[in-house]
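J.: Residue numbers (our numbering): 1 to 335. Every residue gets a Cβ at the ideal spot worked out from N, C-alpha and C, and that includes glycine.
1. For the region 280–316, list the alpha helix (DSSP H) runs that are entirely contained and at least 4 residues long, ordered along the chain.
2. Smallest Cα separation from residue 167: which of 161, 179, 14?
3. On the criterion of 16 or more Cβ atoms from any shown chain inside 10 Å, does residue 284 qualify as buried, or is it exposed?
4. For residue 74, which residues from the same chain have a beta carbon less than 6 Å from its beta carbon, with the 5 sequence-adjacent residues on both sides left out?
5. Quick one: Cα of residue 156 to Cα of residue 182, how far?
6. First and last residue of the alpha helix (DSSP H) that includes residue 48?
7. Which one of 84, 24, 53, 94 has the shortest CA to CA distance from residue 60?
8. Report buried or exposed for residue 247, applying the criterion of at least 16 other Cβ atoms within 10 angstroms of its Cβ.
9. Rounded to whole angstroms, what is the Cα-Cα separation between residue 13 and residue 36?
10. So what's residue 173 in DSSP terms, helix, strand or just coil?
11. On a CA-only basis, which of 320, 100, 198, 22 is nearest residue 54? Give me that one, please.
12. Decide yes or no for the touch test of the region 125–134 against the region 77–86: beta carbon pairs closer than 8 Å, at least 3 of them.
13. Mind reading off the beta-carbon distance from residue 215 to residue 288? Whole number of angstroms is fine, and I expect it under 8 Å.
14. DSSP three-state label for residue 256, please.
15. Leaving out the 5 sequence neighbours to the left and right, which residues in its chain are closer than 6 Å to residue 105 when beta-carbon positions are compared?
16. How close, in whole Å, do the beta carbons of residue 230 and residue 153 come, if the pair is a contact with beta carbons under 8 Å?
17. How is the alpha helix (DSSP H) around residue 160 delimited, first residue to last?
Following this line, the structure appears as structure tokens:
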């Protein structure tokens, strides 16, 4: 049983102009079994969608065609419901916010404009030009990134080529020429991350792209194992699900004390693949440990728990939380 929708009038007219050359209004009426008014409206819809329609008049007859150098067999008009058009419009607006700091920002804005132009001709009930006023998405990443680095990392993912990076870990330690196999890009908590295999650590790591100051594609002629294959078992979504999103710094063992009212959360959910409940105390509170890479994001995570979570180790993390808390107290005390 074939459940596909029959081609629309626009699709059939476009196919004729792409494959069979020039047609008069009368010829299109006969071929498509439509009225003169429908021909005019359909031609207008195609033009609104960005299709280059050439017009000419000969002996009071109007002829339509697509210039040969601009014809394509791949152009298709897609019929969408109002809800589908709305969803695409909102999705494009959200993507514009997320990709604002990347090399994809300008092409996205241009493509978004063409999308709106094409969709406007298909609906009378939606004002897609006005729709962005009804939605708000945070401006792109809070932490700025080097767009050239971003583009090179993306190229490495596509070409499956290793990359050497200049990187500053959250601890402040710098590494030069660090070789990584880039697997995918991720946008988490206001920051762009790169997920990949680190040859130095011989393990999967997540790197904050904002902390990558330079990157260079590995050359197969001079660099051993300059290409790679992403393991079949790699799952980008799984790499981030319910975990602390480490950013490629030095490894740390973090130990925290969680209040009794929070213990259930740690029993029910793993915030890190290495999370362990070391001890349950008489009052119901617990001691939790986990191994992480870098402390920047862990500090943000701890702050999110409020006074219910206290850092026991490492001392560096505890002091960071303490200094922030003192700063907040001074601010509200008017000092």
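T.: Working from what's here:
1. Counting only runs of 4 or more residues that sit fully inside the region 280–316, the alpha helix (DSSP H) segments are 296–304, in chain order.
2. Among 161, 179, 14, the Cα nearest to that of residue 167 belongs to 179.
3. By the 10 Å Cβ count, residue 284 comes out exposed.
4. At residue 74, the pLDDT of 49 sits below 50, so the modelled position is not reliable; the number obtained from the coordinates is stated separately. Around residue 74: no qualifying Cβ.
5. The alpha-carbon atoms of residue 156 and residue 182 are separated by roughly 6 Å.
6. Going by DSSP, residue 48 is part of the alpha helix (DSSP H) stretching over 36–48.
7. Nearest C-alpha to residue 60: 24.
8. Here the model assigns residue 247 a pLDDT of 46, short of 50, so the residue's position is not dependable, and the following value carries that caveat. Under this definition residue 247 is a buried residue.
9. Going by C-alpha positions, residue 13 is about 13 Å away from residue 36.
10. Residue state, collapsed to three classes: coil.
11. Considering only alpha carbons, the answer is 22.
12. They touch, by the three-pair rule.
13. With 8 Å as the limit, residue 215 and residue 288 do not qualify as a contact, their Cβ atoms being about 36 Å apart.
14. Three-state result, residue 256: strand.
15. Answer for residue 105: 99, listed in chain order.
16. Actually they do not touch by this definition, with Cβ atoms about 14 Å apart.
17. According to the DSSP assignment, residue 160 belongs to no alpha helix (DSSP H), since it is labelled neither H nor E.
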